[in-house]
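Number of protein chains: 2
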Amino acid sequence: MSNISIYTDKLRESGLRPTRQRLKICEVLFSPEKTFHFTINDLTKIIENKLSEKISLATVYNTIHAFKNKGYLKEISINSDKSYFDTNVTEHHHFFDEDTNELIDCNNDDIDSVNIKKNITGKKIKSVEVLIKVASDNQNQN
Amino acid sequence: MSNISIYTDKLRESGLRPTRQRLKICEVLFSPEKTFHFTINDLTKIIENKLSEKISLATVYNTIHAFKNKGYLKEISINSDKSYFDTNVTEHHHFFDEDTNELIDCNNDDIDSVNIKKNITGKKIKSVEVLIKVASDNQNQN
DNA sequence: TCAACAGTTTAGAATTGTTTTAATGTAAAT
DNA sequence: ATTTACATTAAAACAATTCTAAACTGTTGA
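In order, the protein sequences belong to chains W and C. Heads up: the first sequence at position 74 corresponds to 74 in the numbering used here, and the numbers run straight through without jumps. Heads up: the second sequence at position 141 corresponds to 1141 in the numbering used here, and the numbers run straight through without jumps.
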């Protein structure tokens, strides 16, 4: 199952040359059947553990940002010290578990589509994100 | 127009003693007629400029977090290097202007209320936030 | 094929927002 | 008044992210 040409295309589409390091990143991001959420730290650890290859943080950031700008990754709006990304780039929303700091996809069956009646003059809507924060019942606010 | 007793109450409710510095913060946050959005940096600058008093960053953070935990301030979920807060603690949503990094209130007339049909087992919904990112038409993704 | 260029990788340094620390100061209870 | 617990402060620590500059590599075109 060589997806290398797919990865190469994605990289070129994102304005990046297909290098060994970047292909490794693609493998981690785009070969799993299920989409997933990750932080840069998560991703770096996965690469180091699974692929026993060390990649510079700067390379990871650079590649992830290019993919995000191209639309191959989505950044989730969440207030956190870290940035969260999603390999699922279709329109969908999220639960955020405050107990575990975990993001959970919200299926389209679980929520009605959001209907926005007005927009800011001269501006175009780039995205609509719904974040539902949840926590155990017996949990204080923060 | 002395709101000092109101401020004192808010501070005590938040588990904080009413000190000179904290009353100054209250004045900036709660005396304006209109609610507003701010970052810690914004707030610190307002205090220094308007009140010609210097307050330690640690005090600002400490006070803002206590107010947030008590529900006198809301933190907006937005992916940014900084945290954004809102003195409007009623249920409402936001536009975020990517060109200017500005938050704009979304009136309840502008958006239908979000209907969530399913929840995570054993968890309670703490908040539902909608963030509508906008930018000029002729603007690239990032 | 190979030289030359433009883009890439890397470790480490720099930057930025936030939190912690430890010494000093102050509100409030006794 | 005295005591105690909480506050303020500047500075240090910290963590995520970005930048830097030197070494390296893919690509292009002669």
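All C-beta atoms, glycine included, are put in the ideal place defined by N, C-alpha and C.
*So with Cβ pairs under 8 Å, would you call D105(W) a contact of chain C?*
For the purposes of this step, residue 105(W) is taken as the residue at position 105 of the first sequence. Taking Cβ atoms only, chain C never reaches closer than 8 Å to D105(W), which makes this a no.
_Please classify K1077(C) as buried or exposed, where buried requires at least 16 neighbouring CB atoms within 10 angstroms._
Sequence index remark: in the second sequence, residue 1077(C) carries index 77 (1-based). Correcting the residue identity first, residue 1077(C) is Ser in this sequence and not Lys. With 16 or more other Cβ atoms within 10 Å, it is buried.
*Round the Cβ separation of Y72(W) and K10(W) to the nearest angstrom and send it over; I've been treating them as touching at under 8 Å.*
On the first sequence, position 72 is the one that residue 72(W) refers to. On the first sequence, position 10 is the one that residue 10(W) refers to. Right, their Cβ atoms sit about 6 Å apart.
*Got a sec: does the ligand PLP put a non-hydrogen atom nearer than 7 Å to the Cβ of E129(W)?*
With respect to the ligand PLP, the structure offers nothing, as it holds no ligand at all.
*Name the DSSP bridge partner or partners of K1133(C)?*
As a working mapping, residue 1133(C) is identified with position 133 in the second sequence. In the DSSP assignment, the residues bridged to K1133(C) are S127(W) and F1096(C).
*Is the beta carbon of I116(W) less than 8 Å from the beta carbon of I1006(C)?*
Here residue 116(W) is taken as the residue at index 116 of the first sequence, counted from 1. Here residue 1006(C) is taken as the residue at index 6 of the second sequence, counted from 1. No. Outside cutoff.
*Does the Cβ-Cβ distance between H94(W) and I104(W) come in under 8 Å?*
The count along the first sequence starts at 1 and reaches residue 94(W) at position 94. The count along the first sequence starts at 1 and reaches residue 104(W) at position 104. Yes, they are a contact pair.
*Should R1022(C) be labelled buried (16 or more other beta-carbon atoms within 10 Å of its own) or exposed?*
Here residue 1022(C) refers to the residue found at position 22 of the second sequence. Classification of R1022(C): buried, given that the 10 Å Cβ count is 16 or more.
_As assigned by DSSP and simplified to three states, the class of F1085(C)_ = Working through the second sequence from its first residue, we reach residue 1085(C) at position 85. F1085(C) falls in the strand class under three-state DSSP.
*Taking only beta-carbon positions, decide if N1049(C) is within less than 8 Å of chain W.*
On the second sequence, position 49 is the one that residue 1049(C) refers to. Not an interface residue.
_Quick check: K24(W) and L51(W), are their CB atoms within less than 8 Å of each other?_
Numbered from 1 along the first sequence, position 24 holds the residue referred to as residue 24(W). Numbered from 1 along the first sequence, position 51 holds the residue referred to as residue 51(W). A contact, by the Cβ cut-off of 8 Å.
*With 8 Å as the threshold, decide whether the Cβ of N41(W) is near any Cβ in chain C.*
What you label residue 41(W) is simply residue 41 of the first sequence in a count that begins at 1. No - not a single Cβ of chain C is within 8 Å of the one on N41(W).
*Mind checking the region 52-74 of chain W against chain C and listing, in chain order, the residues whose C-beta falls within less than 9 Å of any C-beta there?*
H65, K68, N69, K70 and G71
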